[in-house]
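Chains as they are written, first to last, in this note's numbering: chain A, 4 to 142; chain B, 124 to 221.
Here's what the structure looks like:
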């Protein structure tokens, strides 16, 4: 069984992340899958290079899950994020949330990805034919 | 007696100074050319003091990003947090996960 919170250099499997949240009480499992886009801010993207503070990132994922549980109505949360060099179309992040009903699951999944972009110690360098830049725009 | 006196001086110096590890990431890491920096600071120093020390050794860090956040022993903190011997500080440029 894969861990709830994971930072890894290996490709992510969104189905496996969601499957670990299946339980008899979970009437809804909402999954968010983040993928590398071919275009960003008017530039062609050839690849993204993700870097993290690994010892802290998984702690922050767990903190985000705690925040979600405190909001209520949620059974379980899993957050997996990839690091290293990713090509266009590759999956960079998978977030899955289970709940008895769909509405809190959708809300919590939305909250989790927004919060991850806000506080997780992860950075990305965007490579394009013009060169490479560290992305610093606020979500 | 000389040895004793020297020993006392050394002990005093040790207690008044501390060493902390500073972790650098992304644009900061590239600007400094290293991912880890050992800062020697006086007792009572803060996270901001460690940041100033790193910028003194690697001025490119101060130029490389307008704003930075800090973590102390893997938890977000403000710059006025006090440091202890052996602490791990991270200087976090604006994040961009997801």
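We put the CB at the ideal spot given by N, CA and C, even for glycine.
Taking Cβ positions only, does residue i come closer than 8 angstroms to chain A?
i: residue 149/B; result: yes
i: residue 156/B; result: no
i: residue 145/B; result: no
i: residue 140/B; result: no
i: residue 206/B; result: no
i: residue 200/B; result: no
i: residue 209/B; result: no
i: residue 134/B; result: Confidence in residue 134/B is poor, its pLDDT being 47 and thus under 50, which makes the residue's placement unreliable; the coordinate value appears in the next sentence. Not closer than 8 angstroms to any Cβ of chain A, the Cβ of residue 134/B fails to qualify, so no.
Does chain B have any CB closer than 8 angstroms to the CB of residue i?
i: residue 123/A; result: yes
i: residue 139/A; result: yes
i: residue 62/A; result: yes
i: residue 37/A; result: yes
i: residue 119/A; result: yes
i: residue 127/A; result: yes
Suppose you measure from the CA of residue i to the CA of residue j; what does that come to, to the nearest Å?
i: residue 124/A; j: residue 52/A; result: 14 angstroms
i: residue 110/A; j: residue 126/A; result: 25 angstroms
i: residue 115/A; j: residue 68/A; result: 8 angstroms
i: residue 35/A; j: residue 48/A; result: 22 angstroms
i: residue 39/A; j: residue 166/B; result: 46 angstroms
i: residue 195/B; j: residue 170/B; result: 8 angstroms
i: residue 12/A; j: residue 192/B; result: 25 angstroms
i: residue 87/A; j: residue 203/B; result: 33 angstroms
i: residue 76/A; j: residue 108/A; result: 8 angstroms
i: residue 198/B; j: residue 44/A; result: 32 angstroms
Using a threshold of 8 angstroms, state whether the C-beta atoms of residue i and residue j are closer than that.
i: residue 151/B; j: residue 214/B; result: yes
i: residue 146/B; j: residue 163/B; result: no
i: residue 183/B; j: residue 154/B; result: yes
i: residue 9/A; j: residue 83/A; result: yes
i: residue 50/A; j: residue 15/A; result: no
i: residue 20/A; j: residue 112/A; result: no
i: residue 23/A; j: residue 81/A; result: yes
i: residue 29/A; j: residue 98/A; result: no
i: residue 133/A; j: residue 74/A; result: no
i: residue 217/B; j: residue 58/A; result: no
i: residue 96/A; j: residue 41/A; result: no
i: residue 31/A; j: residue 105/A; result: yes
i: residue 190/B; j: residue 160/B; result: no
i: residue 221/B; j: residue 37/A; result: yes
Minimum length 4: unbroken alpha helix (DSSP H) runs contained in the segment 51–80 of chain A: 57–74
Chain-ordered residues of the segment 12–26 of chain A with a beta carbon less than 7 angstroms from chain B = none
Quiz prompt | Members of the segment 85–116 of chain A that neighbour chain B once the beta carbon cut-off is set at 8 angstroms | solution = 95, 96, 116
Which of the residues in the segment 55–79 of chain A, read from start to end, lie with their CB under 7 angstroms from any CB of chain B?
56, 58, 59, 62
Item checked: Completely contained alpha helix (DSSP H) runs for the segment 141–204 of chain B, where each covers 4 or more residues -> 149–155, 170–180, 182–187
Review point. Mind pulling the beta strand (DSSP E) runs of 3 or more residues that sit fully within the segment 11–44 of chain A?
Key: 31–38
Just list the alpha helix (DSSP H) runs in the segment 96–127 of chain A, keeping only unbroken ones of 4 residues or longer that don't cross its boundaries, in chain order. 105–122
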